[in-house]
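Take a look at the structure below.
Residue numbers (the working numbering): 48 to 174.
Below is the structure:
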């Protein structure tokens with residue numbers, strides 16, 4: 048699966064998070080607030096996503112609706128692995144250390160991470 052540029056990824060996240068197909072207007076409403084959105088730019092991005100095989104278009108009357116044909120979890124797993132490999136030498140320890148030392152993780156997030164690790168390794172304890 049090809050890596051998506053940020054603008055296309057933003058649209059895919061909106062489409063993936065929708066429980067039903069969405070129109071261009073629906074997508075524009077859900078895009079990041081505080082910036083102007085040009086409808087033709089959104090249509091161009093949707094066209095690119097369709098050509099790449101991430102979405103399909105369904106015409107209902109005069110309106111096109113878009114839905115995902117790419118699996119969100121599969122994409123996120125591949126993208127996460129790619130970031131880990133490229134930026135942190137495939138080391139999850141380096142990744143977490145960078146976040147922690149950069150004060151990007153608070154104590155609740157550290158506890159959440161520890162709980163996740165415990166669940167994955169079968170070491171979860173009742174507190």
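Built from N, CA and C at the ideal position, the CB exists for glycine as well.
In the DSSP assignment, the residues bridged to residue 70 are 112.
Within a 10 Å sphere around the beta-carbon of residue 90 sit fewer than 16 other beta-carbons, which makes this residue exposed.
Under DSSP, residue 106 shares a beta bridge with 111. If you compare the alpha carbons of 49, 106, 139 with that of residue 69, the shortest gap goes to 106.
Nearest in C-alpha terms to residue 51, of all of 147, 98, 141, is 98. Approximately 7 Å separates the beta-carbon atoms of residue 93 and residue 71; this is inside 8 Å, confirming the contact.
By the Cβ neighbour-count rule, residue 121 is exposed, with fewer than 16 other Cβ atoms within 10 Å of its own. Around the C-beta of residue 110, fewer than 16 other C-beta atoms lie within 10 Å, and the residue is accordingly described as exposed.
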